[in-house]
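I have placed the structure first, in the form of structure tokens, so that the comments after it can refer back to it.
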Amino acid sequence: CFSSCSPKVCIVGSGPAGFYTAQHLIKQHVHVDIYERLPVPFGLVRFGVAPDHPEVKNVINTFTQTAKHSRCSFYGNVNVGKDVSVQELQRAYHAVVLSYGAEGNRTMGVPGEGLAGVYSAKDFVGWYNGLPSCRQLSPDLSCETAVILGQGNVALDVARVLLSPVDMLKETDITQPALEALAHSQVRRVLIVGRRGPVQVAFTIKVDLPRPRKRLTELMLKTALQTPGETEQERRDQASRTWGLRFFRSPVEVLADPERHRTAGIRLAVTRLEGSGEAARAVLTGDVEDVTCGLVISSIGYKSLPIDQSVPFDSKSAIVPNTMGRIKQAPGLYCSGWLKTGPTGVIATTMNNSFDTARSLLDDMESGVLDLSAAKSGSQVITALLEQRGVKPVSFSDWEKIDRVEMSRGEASGKPREKLLTVEEMLHVART
Ligand code: FAD
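Per mature numbering (1 follows the signal peptide of the UniProt record, and there is no 0), the sequence shown runs over residues 1 to 432.
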């Protein structure tokens with residue numbers, strides 16, 4: 001029955017997890033429909049990956065091939081949990097895979113966190129990458145020192161964007177408003193602060209070495225301890241912008257200026273390590289240190305959010321509880337990507353865990369755990385529901401219209417693309 005019943009699966013979210021899950025499923029004669037909240041696909045590949053890392057975005061070519069496959073369809077501009085419920089999707093499909101990522105962020109939970117001048121890295125990244133909900137952020141870059149809290153890859157991206165010469169950024173797909181704000185930025189010094197030490201930092205390196213952690217630590221120590229050569233010293237002395245890593249510090253309070261209008265600094269507690277290696281815990285020593293800064297960006301992690309009451313959600317670990325991608329106590333429901341594992345790992349990690357989820361689903365089809373005996377109406381019934389609710393999905397060829405407009409606008413200014421910045425404009429272009 002496996003092929004004759006043409007199993008219908010729907011995927012919620014069109015980031016790497018959604019596309020890699022789809023890619024694996026369509027190889028097995030499954031029909032896949034992808035529902036995406038925004039009118040544009042690709043999730044964090046478009047809205048997260050730094051503009052100066054264009055090579056990372058090449059995965060879009062593979063995703064595009066998947067989207068154009070005869071057994072795959074894309075429905076953008078559909079907010080699952082609001083426009084259509086997960087239960088309605090479950091009734092229309094043999095199985096539903098949730099791959100909607102991690103759109104919230106962890107907060108520091110310290111006084112002053114709400115002051116002007118404090119931003120989450122998630123919003124800051126969304127702003128320079130053109131995420132419609134972050135368009136209005138307009139961060140104030142009129143201060144000299146910025147402090148980034150958290151020492152992961154995202155913190156490094158933000159530091160690089162803050163410090164890169166605008167001449168370099170203007171050749172990327174960074175948004176025009178971000179480019180203009182950065183051109184007038186007064187930020188000259190960026191400190192990247194972490195609770196633990198150099199051995200525990202969460203950066204990853206590009207090359208896949210057998211022991212990347214050891215290599216990374218060696219690299220950092222070598223750079224930090226090495227006496228620079230003459231040319232290098234000269235280059236450093238002349239640098240107009242600097243950055244540094246500050247270890248063993250944990251935020252206690254964002255300090256306000258005397259009028260309490262905005263951020264004037266940050267109080268950091270000095271920590272020391274208990275235990276060793278990656279499991280080491282930072283404990284407070286009782287000492288504090290104040291750093292003067294006008295910009296604080298907290299980069300302490302993304303966080304998945306529940307989108308539908310009918311789906312089990314573990315709010316403590318902020319993931320959907322699952323075994324190998326099978327959502328616990330919810331037959332027919334699966335998850336992949338950051339929603340499944342928590343918000344860690346690069347696209348390759350997301351790819352592997354998405355293939356694993358697709359394998360679990362295919363196993364369940366083959367073993368009869370998933371009932372394929374009844375034909376399902378799939379997108380037919382869902383698009384009818386959406387129409388009743390006044391929601392008009394964006395197809396993949398509609399997205400290609402947006403893509404073409406963005407690329408031609410980019411070409412005019414020497415950039416790979418100039419992103420459309422509002423949902424309204426995206427929908428307008430999609431429908432003309
Ligand atoms: P996402 O990419 O977030 O995709 C989720 C999708 O679901 C989004 O399109 C979203 O709009 C959609 N969605 C959300 N809610 C709903 C809903 N209710 N209904 C329908 N759709 C919904 N990895 C690398 O390998 N290299 C890098 O350089 C790199 N840089 C990064 C930079 C940043 C700032 C971040 C945050 C991550 C970076 N990563 C990088 C990691 C990579 O982006 C993730 O591994 C990957 O995007 C996770 O995929 P996902 O599909 O689970 O989530």
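Built from N, CA and C at the ideal position, the CB exists for glycine as well.
C-beta contact flag for residue i and residue j at 9 Å
i, j, result
"L255", "A264", "yes"
"L141", "Q186", "yes"
"H94", "D371", "yes"
"G104", "S336", "no"
"V320", "L115", "no"
"K170", "L163", "no"
"V125", "V166", "no"
"S250", "L284", "yes"
"G325", "L361", "yes"
"Q151", "L221", "no"
"W338", "F74", "no"
"Q87", "D308", "yes"
"G43", "G130", "no"
"V429", "G76", "no"
"R195", "T271", "yes"
"Y119", "P132", "no"
Rounded distance between the beta-carbons of residue j and residue i, thought under 8 Å
i, j, result
"L38", "V32", "Going by Cβ atoms, the distance from L38 to V32 rounds to 19 Å, so no, they are not a contact pair."
"P331", "T172", "About 45 Å; that fails the 8 Å criterion."
"G301", "K8", "Not confirmed; about 35 Å, so no contact."
"V78", "L89", "Not quite, the Cβ-Cβ distance comes to about 10 Å (not below 8 Å), so this is no contact."
Close-in-space but distant-in-sequence residues of the same chain around residue i (CB under 7 Å, 5 per side omitted)
i, result
"E418", "Q176, E406, R409, G410"
"M426", "P39, V40, I402, L420"
"A146", "L162, V187, V190, C293, L295, I297"
"V110", "P251, V252, E253, V254"
"A50", "D157, R160, V161"
"K57", "V45, V49"
"residue 451", "The structure shown does not extend to residue 451, since the chain is modelled only from 1 to 432, so the question has no answer here."
8 Å CB neighbourhood of residue i in its chain, flanking five on each side removed
i, result
"G275", "R281"
"R71", "I26, H29, V30, H31, V32"
"E232", "none"
"G197", "F247, F248, L273, A280"
"D83", "L386, R389, V391"
"S4", "At S4 the pLDDT is 45, less than 50, meaning the model places this residue with poor confidence; the figure from the coordinates comes in the next sentence. Nothing meets the Cβ criterion."
Residue i - DSSP class collapsed to helix/strand/coil
i, result
"S3", "For S3, the predicted structure reports a pLDDT of 41, less than 50, and the residue's modelled location is therefore unreliable. A value from the coordinates is still provided. It is coil, neither helix nor strand."
"N77", "coil"
"T344", "coil"
"R106", "coil"
"C10", "strand"
"V84", "strand"
"K303", "strand"
"G265", "strand"
"E230", "helix"
"E274", "strand"
"T323", "strand"
"V97", "strand"
"residue 456", "Given that the chain is displayed from residue 1 to residue 432, the structure contains no residue 456 and the question cannot be resolved."
"D167", "helix"
"D123", "helix"
"D140", "coil"
"D363", "helix"
"D314", "strand"
Terminal residues of the alpha helix (DSSP H) in which residue i lies
i, result
"Y93", "Neither: Y93 is in no alpha helix (DSSP H) and is coded neither H nor E."
"A67", "59-67"
"I297", "From DSSP, I297 is part of no alpha helix (DSSP H) but of the beta strand (DSSP E) over 295-298."
"G101", "Where G101 is concerned, there is no enclosing alpha helix (DSSP H), given that its DSSP letter is neither H nor E."
"D403", "396-412"
"L386", "379-388"
"L333", "Taken as a continuous stretch (DSSP letters only), L333 belongs to no alpha helix (DSSP H), being part of the beta strand (DSSP E) at 333-335."
"H428", "423-430"
"T21", "16-26"
"F47", "44-47"
Residue i, enclosing beta strand (DSSP E) - first and last residue
i, result
"D287", "281-292"
"E253", "249-256"
"L149", "145-149"
"H184", "Taken as a continuous stretch (DSSP letters only), H184 belongs to no beta strand (DSSP E), as it is neither H nor E."
"S120", "118-120"
"G244", "242-246"
"R189", "189-193"
"L163", "Careful: L163 lies outside any beta strand (DSSP E), inside the alpha helix (DSSP H) at 153-163."
Own chain, CB closer than 6 Å to residue i, minus 5 neighbours either side, in chain order
i, result
"R135", "L421"
"V381", "A92"
"F2", "The pLDDT assigned to F2 is 44, lower than 50, so where the model puts this residue is not dependable; a value taken from the coordinates is nonetheless given after this. Nothing listed; no residue qualifies."
"D52", "T172"
"Q23", "T66"
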